[in-house]
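**Q** To start, I am sharing the structure in question, which I have written as structure tokens.
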Amino acid sequence: MNCNTTEKNLIFFLENKLDPTVSGQLSDHLKECAHCSKQYDRLQQVMLQIPEMKQSNPNHFLFTRIEQKISANAQEQQQPIPVFARIFNPLIVSVLMIATAFVGLYLFTQTPATGNAESGDQVAVIAGQYEMNTSDQDIMETYYLTEE
Ligand SMILES: [Zn+2]
């Protein structure tokens, strides 16, 4: 193993994340190479100081909050979008639109020959009897359309 590869892998060597063969080769190189051996010692010292730095950090709570936020974000991203919203919502909207058209046509063709023009809009008549406002009327229309 050469110096370049050794330096690149030092951090993984320290964390025991190298595969045993590579780890052995690196260890052998460290014994032979003063330069890499020195690098190894320095890196090891830095690594040893990291837990200390984390504990003595005056912004420990900030660190914790950031950590929590990161994990919360990760959880949000993992949550799948509900299947209903993803697939059925657009479908229901189009079905409702088609149903509205059909019910409109039905009401129009079912208008009694003897009735006046206004009796065609049966929903509006019923809504009028209950003195509903426009938004209630919409709810009622939706209710009737869902019943179909
Ligand atoms: Zn070396």
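Sequential numbering from 888 applies to the sequence shown in the working numbering. Note that beta-carbon positions come from the ideal geometry of N, C-alpha and C, so glycine has one too.
Alpha carbon to alpha carbon, how far is F899 from Y927? Give it in angstroms, no decimals.
**A** Within the sequence shown, numbered from 1, the residue matching residue 927 stands at position 40. Within the sequence shown, numbered from 1, the residue matching residue 899 stands at position 12. So the two alpha carbons sit approximately 11 Å from each other.
**Q** Taking only the alpha-carbon atoms, compute the straight-line gap between L917 and K895 and give it to the nearest angstrom.
**A** Within the sequence shown, numbered from 1, the residue matching residue 917 stands at position 30. Within the sequence shown, numbered from 1, the residue matching residue 895 stands at position 8. Each residue's Cα considered, the two are about 13 Å apart.
**Q** For K904, report the span of its alpha helix (DSSP H) as first-last.
**A** Within the sequence shown, the letter at position 17 stands for residue 904. Counting along the chain, K904 falls outside any alpha helix (DSSP H), and DSSP gives it neither H nor E.
**Q** Below 7 Å CB to CB, which residues in the same chain sit around K904 once its five sequence neighbours on both sides are set aside?
**A** On the sequence shown, position 17 is the one that residue 904 refers to. Nothing meets the Cβ criterion.
**Q** Does DSSP put M934 in a helix, in a strand, or in coil?
**A** Mapped onto the sequence shown, residue 934 falls at position 47. Helix.
**Q** N976 lies in the alpha helix (DSSP H); which residues open and close that run?
**A** Here residue 976 refers to the residue found at position 89 when the sequence shown is read from its first residue. Looking at the DSSP string, the run of the alpha helix (DSSP H) that includes N976 is 976-996.
**Q** Assign N896 to one of three DSSP states: helix, strand, or coil.
**A** Looking up residue 896 in the sequence shown gives position 9. Note: N896 maps to helix in three-state DSSP.
**Q** Going by other Cβ atoms of all chains shown within 10 Å of its Cβ, with 16 needed for buried, is L913 buried or exposed?
**A** Taking the first residue of the sequence shown as 1, we reach residue 913 at position 26. By the 10 Å Cβ count, L913 comes out buried.
**Q** DSSP three-state call for G1002: helix, strand or coil?
**A** The sequence position of residue 1002 within the sequence shown is 115, counting from 1. Its pLDDT being 49, under 50, G1002 is placed unreliably by the model, and nothing is read from it.
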